[in-house]
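See structure below.
Numbering (the numbering used here), first residue to last: 47 to 143.
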């Protein structure tokens, strides 16, 4: 998968240093993957939540942070739509970020 944009993750972990290693690990695995369906993502990340509008929510750092991506399976691309604390995550509409 092509993940757009790593910069968003880097900017987040600069203010939340404990998120750096988990986000780097997630990014590395996502870039190596070639997921074709939401079920394939769930097979790799059991705690991921598949939500509407082609969005997937990943729990990062033991559920301390939330990462929302939009996925285009056909084109093998993921767009990072949101990364934040779970308090921040609770305030967003994950299907429309």
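All C-beta atoms in this analysis are idealised placements derived from N, C-alpha and C, irrespective of residue type, glycine included. This one's a predicted model, so the numbers in the text were calculated from it and none came from an experiment.
With a CB to CB cut of under 8 Å and the five nearest residues on each side skipped, what residues in its chain are close to residue 154?
Outside the displayed range of the chain (47 to 143) lies residue 154, so it cannot be described from this structure.
Taking its Cβ as the centre, do 16 or more other Cβ atoms sit within 10 Å of residue 133, making it buried, or is it exposed?
Exposed is the call here.
Hey, how far is the Cα of residue 127 from the Cα of residue 141?
For residue 127 and residue 141, the gap between their C-alpha atoms comes out near 10 Å.
Inter-residue spacing [alpha-carbon to alpha-carbon] between residue 47 and residue 99
So the alpha carbons of these two residues sit roughly 18 Å apart.
Give the DSSP bridge partners of residue 124, in chain order.
In the DSSP output, where bridge partners are listed per residue, residue 124 has 49, 117.
Going by DSSP, name the residue or residues bridged to residue 111.
Paired residues: 106, 131.
Would you list the one or two residues that DSSP bridges to residue 158?
What the structure shows of the chain is the stretch from 47 to 143, and residue 158 is not part of that stretch, so it cannot be assessed.
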